[in-house]
Each structure stands twice: as structure tokens, then as C-alpha cells.
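Q: Sequential numbering of the sequence shown, starting at 2, is according to the working numbering.
The structure follows.
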Amino acid sequence: MSTFMLKSSSITFTPVSNVFIEKYMPKARGEFIKVYLLMLKYSTSGELGVSSSIVASNLNLLESDVMNALNYWNDEGLIKLKSIDRMGNFDISFCDISDSDTDSSNVNLLDELNNTNSKDMLKDIESLVGRPLSPKEMTTYLSWQRDFNFSYEMILLLIEYCTSKGKSDIRYIEKVALNWYDSKITSIEEAQAYIAKSEDKWLKIRSILDFLGIKNGEIMKPQQDLLEKWLYKYNFTVDMIKKASTICFERLNRADFKYIDGILSRWYADNLKTVQDVDNKDALRRNTPSQKKVNAQNNNNLKFNNFEQRTYDYDDLEKKLLGWDDND
Numbered sequence: 002m003s004t005f006m007l008k009s010s011s012i013t014f015t016p017v018s019n020v021f022i023e024k025y026m027p028k029a030r031g032e033f034i035k036v037y038l039l040m041l042k043y044s045t046s047g048e049l050g051v052s053s054s055i056v057a058s059n060l061n062l063l064e065s066d067v068m069n070a071l072n073y074w075n076d077e078g079l080i081k082l083k084s085i086d087r088m089g090n091f092d093i094s095f096c097d098i099s100d101s102d103t104d105s106s107n108v109n110l111l112d113e114l115n116n117t118n119s120k121d122m123l124k125d126i127e128s129l130v131g132r133p134l135s136p137k138e139m140t141t142y143l144s145w146q147r148d149f150n151f152s153y154e155m156i157l158l159l160i161e162y163c164t165s166k167g168k169s170d171i172r173y174i175e176k177v178a179l180n181w182y183d184s185k186i187t188s189i190e191e192a193q194a195y196i197a198k199s200e201d202k203w204l205k206i207r208s209i210l211d212f213l214g215i216k217n218g219e220i221m222k223p224q225q226d227l228l229e230k231w232l233y234k235y236n237f238t239v240d241m242i243k244k245a246s247t248i249c250f251e252r253l254n255r256a257d258f259k260y261i262d263g264i265l266s267r268w269y270a271d272n273l274k275t276v277q278d279v280d281n282k283d284a285l286r287r288n289t290p291s292q293k294k295v296n297a298q299n300n301n302n303l304k305f306n307n308f309e310q311r312t313y314d315y316d317d318l319e320k321k322l323l324g325w326d327d328n329d
């Protein structure tokens, strides 16, 4: 029996799928592409792990930019980002993105293209997205009629909604379709109500983010979860959230989601529902005897009652500063 000894050498290049270059890279933001390629390089070179600060430093980005990029690629299905603890640590694995047009939904595309209704729907979709559809896209949209029980009109409404937000990619549209299906939307009326509620939510979130000085359109999932908790679990108005944000600014001189969450959670526990409720409680606290005593002590500490004011001969001082006193 022979034994063959192999000499292994480290890979000095990073293999990048043509599918990534052709389909995913053109529509992604530049910093997201940089993060994906660097993380792919770490993965293929056998690195056991890397911190967000190192990635951010190497790419001249913020750590929040790195996290936003990883969340984006996770949503796109190119990586699997799995939280492993509450300290902000994650497992990351890269997914196979080979371009497979396998017909997983068992839709006979040739038969469907001979159906006038199906053909008309696909033409309308092409008009909405502004490009010809691939066979895989056609199959996906047609399968929703059977798998999700979506009508022709519902599918067009869904795609029109996505394209109005500047999203015409099949992966994004599929995510919205799954959300509608999971929300048990089965009619045009229910879909329109869902859209109205979603738009209202994002108008409120955008208003809060603008107030916090966050202009980036992409927010991290933990931040979105907190915003939704404040709005829909606590049922706070945008003004209440801005009030808590103002207090955060005054105390920390910056926006801090965890600090704001602490303020709002306390108000929720105290059953404070409006800005007026908060102001009334603060006024009541300031007028309590113990708080008045503290305020009085603080005011006394600021008084310099025993300070003896000095008097100066300003003409004499001016002569000394100019060196004229030597001529006297």
C-alpha cells in the first residue's frame, strides 16, 4: 500500500461567484459589497472569526455599517447570520448562490404561457418592473395563484407596491409575498389595509429616525424591533418617543436606543401615556418637600456669600503690563 503525502498551501485568492457579480453586486450599496467580499475572504482563508471593529477599520466604515451590510446579505439569502448570545456575537455561513432555474413549484410554464390570463398578468408585471422576466420569475409569480391563493389583481397590487418603493428585485418581492401569506391576506381589501398600516408604520419610524439624526435608510434589526415595541406594544405616540429622545440628548448628548428604551419602559410601567402626563409627573416630583430641600441646598452651594471682592487700580496695572512703571 502506498501513502501519498500532500503539501497544502494557503489560498491567495478569494473565489467570487459570477452569480454574485451579475445579479447581486449591481443593485447593492458599495459598502455592503466591500463587507461581503472581505468576509468571504476571511471565510475562504480559514479565519476562525473576526470582530466588527477590525472589519470596520479595514474598510474605513462604521461598525453599524458592517452590521447593516451583514443584515442586508442575510435578507438577500447570500449568508446565514445567526445570533449565538446576547453580547452581539454571531455565526456566519455563506450560502450556495448557484444560478439554478429548477422548477420547484411544478408550474408548467409552457402551458401557462398559452393561458391568456397568465400571459396578460406576466406582461403587466414586466411593465411594472421595467424589464423582461426570467423563466424563474415567471414560474414564481404564477405559483402564487395556487400556493398562496393570490388573485391576479392581488399579485399586481403586491408588485406595484414593491416597485413604488424602488424594489423590483425578485427576492424582495418574494419576502413581501410571504409576509402577506403569513398575515393571512386573501383579498384586495385586506391587502390595501395592510399596505396602509405598513406605510403608516414607516412614516412614524422615519419621523423618529430623522429626529434622532439618523439619515441612513437601513436600520439594524434590533433598532427596528425597539421602534416597533415603542409604537405598537407600548402604544406611544411619536411625540412621546421624541420626548424620551430629547431627555436622552440632554443627559448623554447623543442618541442611544437602549437609554431611550429605558425611559419609555419606565413610563409604560408608570402608565404615563401622553407628554402632558410626563410633564405633570415631573412637576409633581419637583414640588415635593424632599426635592425642594435638595434644590435649596444646591442653590446655597452656588452662592459665594463669604467671598470678599477685591479692588484694583487699573491705571497702575496697565502701566505694569506695559513696562512703564520702570520710568517712574
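We put the CB at the ideal spot given by N, CA and C, even for glycine.
I'd like to know if the segment 111-123 and the segment 144-159 are in contact, where contact means that at least 3 CB-CB pairs between them fall below 8 Å.
A: yes
Q: Taking only the alpha-carbon atoms, compute the straight-line gap between residue 57 and residue 75 and give it to the nearest angstrom.
A: 18 Å
Q: Tell whether a beta-carbon distance below 8 Å holds between residue 46 and residue 95.
A: no
Q: For residue 101, which residues from the same chain have a beta carbon less than 8 Å from its beta carbon, with the 5 sequence-adjacent residues on both sides left out?
A: Note that residue 101 scores 45 on pLDDT, short of 50, meaning its location in the model is unreliable and no value can be drawn from it.
Q: Is the segment 194-211 touching the segment 35-43 in the sense that three or more CB pairs, one from each, lie closer than 8 Å?
A: no
Q: Along the chain, where does the alpha helix (DSSP H) that runs through residue 41 open and close?
A: 31-45
Q: At a cut of 8 Å, does the segment 167-187 reach the segment 133-153 through at least three beta carbon pairs?
A: yes
Q: According to the neighbour-count rule (16 or more other Cβ atoms, all chains shown, within 10 Å of its Cβ), is residue 72 buried or exposed?
A: buried
Q: Determine the DSSP secondary structure at residue 81, reduced to helix, strand or coil.
A: strand
Q: Going by DSSP, which residues form a beta bridge with residue 186?
A: Answer is none; residue 186 lacks a bridge partner.
Q: For the alpha helix (DSSP H) that contains residue 91, what are its first and last residues?
A: Here residue 91 belongs to no alpha helix (DSSP H); instead the beta strand (DSSP E) covers 91-95.
Q: Would you call residue 111 buried or exposed, if buried means 16 or more other Cβ atoms sit within 10 Å of its Cβ?
A: In summary, residue 111 is exposed, with fewer than 16 beta-carbon neighbours lying within 10 Å of its beta-carbon over all protein chains present.
Q: Can you grab the Cα-Cα spacing for the pair residue 180 / residue 287, in whole Å?
A: Spanning the two alpha carbons is a distance of roughly 48 Å.
Q: Less than 8 Å separating the beta-carbons of residue 177 and residue 159?
A: yes
Q: Could you tell me the alpha carbon to alpha carbon distance between residue 264 and residue 274, rounded to whole angstroms?
A: 13 Å
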